[in-house]
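For the sequence shown, the working numbering assigns the number 202 to the initial residue and increments by one for each residue that follows. The block underneath contains the structure these notes are about, expressed in structure tokens.
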Amino acid sequence: MGSSSKVVRPEEVLDSLKNDGTIDALRMKIIAQLKANEDMKKNTMMMVEQSKVLNTPGAEKKTKRELFDALRQELENPVVEKASKAVWDLILDHDRLGKEITDTVEKVYNRLSGIDMMLPPPSTSGSYQVRERNMSVDGGEKSKEMDTSEPSSSSRKRSYADIITKVAGDVPNGGATNQHDESEGNHK
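In structure tokens:
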């Protein structure tokens, strides 16, 4: 096999994922799973019920807007913190959504770098998983060869792990912040 794969920057992978709608689709899946998270719902309801704002004498005399603003000031950080942790748990779950994210990013990385064009056509014998494992081993060895053969670290080919870390880091709270911003607009 020739070394016809090109160097792919994390920004290129992220741009491709944004442009083809993958980021939005993943964000929607994350939001749906957060909304379905019963522990998050129960925890948030418990925090509201135990709120100092609602349990202070005279709270019943305040307007809904005053109560909402005070509740938001009291509970926004702890609720967003828990939601952020739940989002990262989803993203890093290697059995479900995290695996889907990793597989999707890997496919885009392979397509952009030309690796998928260099792979032999799928054979009728052998399992898909065995072929996938063999491809990742071959790709890892090729990446190591390219890393050691190029003299400057700035022109070094980025590993798939570098790309996935960059992409995961560029998606703030997996869309939780956007959901918050939207709900904020609904209450004003």
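Glycine included, every Cβ here is placed at the ideal spot set by N, Cα and C. Please read all numbers here as calculations on a predicted model, not as lab measurements.
Under the three-state reduction of DSSP, which class applies to residue i: helix, strand or coil?
i: Thr245; result: helix
i: Gln274; result: helix
i: Val281; result: helix
i: Asp294; result: coil
i: Val288; result: helix
i: Lys207; result: coil
i: Lys343; result: With a pLDDT of only 42 at Lys343, under the threshold of 50, the placement of this residue in the model should not be trusted; the figure read from the coordinates follows. Lys343 falls in the helix class under three-state DSSP.
i: Leu255; result: coil
i: Lys263; result: coil
i: Glu351; result: For Glu351, the pLDDT reaches just 41, beneath the cut-off of 50, and the residue's location in the model is therefore unreliable, although a value from the coordinates is still provided. Note: Glu351 maps to coil in three-state DSSP.
i: Thr378; result: Reliability fails at Thr378, whose pLDDT of 41 lies under 50, so the model's placement of it is uncertain and the value that follows must be treated cautiously. It is helical.
i: Gln330; result: Caution is warranted here: a pLDDT of 48 is assigned to Gln330, below 50, making its placement in the model unreliable, and the coordinate value is therefore given only provisionally. In the structure shown, Gln330 sits in a helix (DSSP, three-state: H, G or I).
Which residues mark the beginning and the end of the alpha helix (DSSP H) in which residue i is found?
i: Asp304; result: Leu298 to Ser314
i: Leu218; result: Pro211 to Asn220
i: Ala233; result: Thr223 to Lys236
Quick one: measure Cβ to Cβ for residue i and residue j, integer angstroms, because I've assumed they're closer than 8 Å.
i: Pro279; j: Met246; result: About 13 Å separates the two Cβ atoms, so there is no contact after all.
i: Gln251; j: Leu298; result: Gln251 to Leu298, Cβ: 31 Å. No contact.
i: Asn244; j: Lys283; result: 6 Å
Mind checking whether residue i and residue j have CB atoms under 7 Å apart?
i: Val209; j: Leu313; result: yes
i: Val214; j: Val281; result: no
i: Asp317; j: Asn311; result: yes
Check: Quick one: any contact between the region 206-226 and the region 271-278, if contact means 3 or more CB pairs under 8 Å?
Finding: no
Check: Per the contact definition of three or more C-beta pairs closer than 8 Å, is the region 284-291 in contact with the region 226-238?
Finding: yes
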